[in-house]
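If you're matching positions, the sequence shown starts at 389 in our numbering and goes up one per residue.
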Amino acid sequence: MSQMSDWAAVAERLAPLGVERVYLFGSHARGTATRRSDLDLLVLWETPLSPLERIGTVLSALKDLPWVVEPVVLTPAELENRRDLPFLKGVLKEAKLLYERRKTTA
């Protein structure tokens, strides 16, 4: 998965959920992915759903893609509160933005 059309497919499936941002991390973000690599995504989504419900919803939206998807789905507040954890520090260091919801003006 390295073409822009592949990244657009991910965004097109997640945008209708109302997610705020989608980041790619892991081997695909580093350019070291192989055919057996999974797709690591950090999804920021302000929603009242539980963490398990969020992951299930994201996985369901991406189920037809030909890659194993490993999503980390956090609210913006959860990311802010946890950004100093070693795992998230690593994710944020290499993350590449795939999608950002446009802000609407009222």
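Glycine included, C-beta positions come from ideal geometry on N, C-alpha and C. The structure presented is a predicted model; accordingly, all values stated were derived computationally and were not measured.
Residue range P474 to E482 is occupied by the alpha helix (DSSP H) that includes E482, with no beta strand (DSSP E) assigned at that position.
Between E408 and L432, the CB-CB gap stays under 8 angstroms. Fewer than three Cβ pairs drawn from the stretch 451-471 and the stretch 482-493 lie within less than 8 angstroms of each other, which leaves the two stretches out of contact. A contact between stretches requires three or more CB pairs, one per stretch, nearer than 8 angstroms, and the stretch 474-484 fails this requirement with the stretch 444-452. If you draw a straight line from the Cα of D472 to the Cα of D394, it comes to about 31 angstroms.
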